[in-house]
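Numbering (this note's numbering), first residue to last: 698 to 1041.
Where is the CB? At the ideal position from N, CA and C, for every residue including glycine.
All figures in this text were calculated on a predicted structure; none of them were measured in a lab.
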């Protein structure tokens, strides 16, 4: 069929990483990153309902926005519907074509309900007419290295430092042998601790929202070259307050890296050794791959490597792809591109 052939020949590969905090969309020439949030609005004259999404929603409405995913998934029909509206808005805004092959990067989750909800959303989207599939985002992040699809034949460990969860995954030849996901160690918790540190530092005079705490972390957190950062706030009736932002960030970030090291060395690896000792022996000698937004903090990878070497008494190597926060979406794009090339 000539029209079918034509349709296949112009198929566009797309990779989409779905996260609780950010959504990343990768096409051949672009990488789009925006917040996974939505705000319902109403036209003051017509009373018509509309929605503002992503960074624009956050800029306009701050803490009033709705982050509709938990651990990278909608938990209810309502959240799934909002997530669909959100994605359709992005698809239109970025001009993503129907005639595309889309690979979605999603976290590990045990809830069948959540998986079915996201599958339902994906099925209703006006993209991916050539094909669509879903993969674990930690595995896909490893495909962002120069070796690309060759990573499918390897055995390795991935540490994915997300905003709402931390995931540790043992991968063998493209299959997940064992994974551990926890919400007890996450970027969100660091944000809350930073907010509390600032509150304590100013004796309750300065209360910042979590979004500002996150911005401080993204701008100033640095385990390599620590710099003194002073903020001054003028408060009505309370006068002028100065506080050291860097000191309010360093403690929560250091605690976080220690907790990640403990999670890997004291929980994940012993459990893996118990389940599959031969995989454990292979993995402990390989590079540990670090992904996720928290991995962007300068010096964090080096500090984690040092802590793991100390705890495991093994010369562990921690390595990161370029831009670890978008790596999973780039890996998803690699799969889509591979599928299209195979079809042609």
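Of the residues assessed, residue 900 falls on the exposed side of the cut-off, its CB having fewer than 16 other CB atoms within 10 angstroms. Using a Cβ distance threshold of 7 Å, residue 824 and residue 769 do not count as a contacting pair. Fully contained in the stretch 959-1038 are the following beta strand (DSSP E) runs of length 3 or more, in chain order: 984-988 and 1014-1016. Beta-bridge analysis with DSSP links residue 832 to 802.
Within the stretch 815-879, complete beta strand (DSSP E) segments of at least 3 residues are found at 828-833, 852-858, 863-869 and 872-879, given in chain order. When secondary structure is reduced to three states using DSSP, residue 888 falls in the helix class. An exposed status is given to residue 745, since fewer than 16 other beta-carbon atoms sit within 10 Å of its beta-carbon. The C-beta distance from residue 839 to residue 1027 rounds to 11 Å, too long to fall under 8 Å, and the pair is not in contact.
Excluding residues up to 5 positions away in sequence, 1006 lie with their Cβ nearer than 8 Å to the Cβ of residue 1012 in the same chain. Sixteen is the threshold: since fewer than 16 other Cβ atoms of the shown chains lie within 10 Å of the Cβ of residue 742, the residue is exposed. With a cutoff of 7 Å on beta-carbon distance, residue 814 and residue 777 are scored as near each other. A Cβ-Cβ distance of about 6 Å is found for the pair residue 836 and residue 873, placing them in contact under the 8 Å criterion. In this structure residue 782 does not touch residue 819 by the C-beta definition: roughly 14 Å separates them, more than the 8 Å allowed. When secondary structure is reduced to three states using DSSP, residue 927 falls in the strand class. Residue 751 and residue 780 have their C-alpha atoms some 11 Å from each other. Residue pairing of residue 770 in beta bridges, as defined by DSSP: 767. The C-alpha of residue 822 is placed about 7 Å away from the C-alpha of residue 785. Three or more pairs of CB atoms, one per stretch, sit closer than 8 Å, so the stretch 850-867 contacts the stretch 987-1001.
As the crow flies, the alpha-carbon of residue 969 is around 24 Å from that of residue 809. For residue 728, the secondary structure class from DSSP, reduced to helix, strand or coil, is strand. Contact check for residue 729 against residue 791 passes: the beta carbons are separated by less than 7 Å.
Secondary structure note for residue 914: its alpha helix (DSSP H) is the uninterrupted segment 907-917. Counting every other CB atom within 10 Å of its CB across the protein chains shown gives residue 707 a total below 16, marking it as exposed.
For the 7 Å CB-CB criterion, residue 952 and residue 882 do not form a contact.
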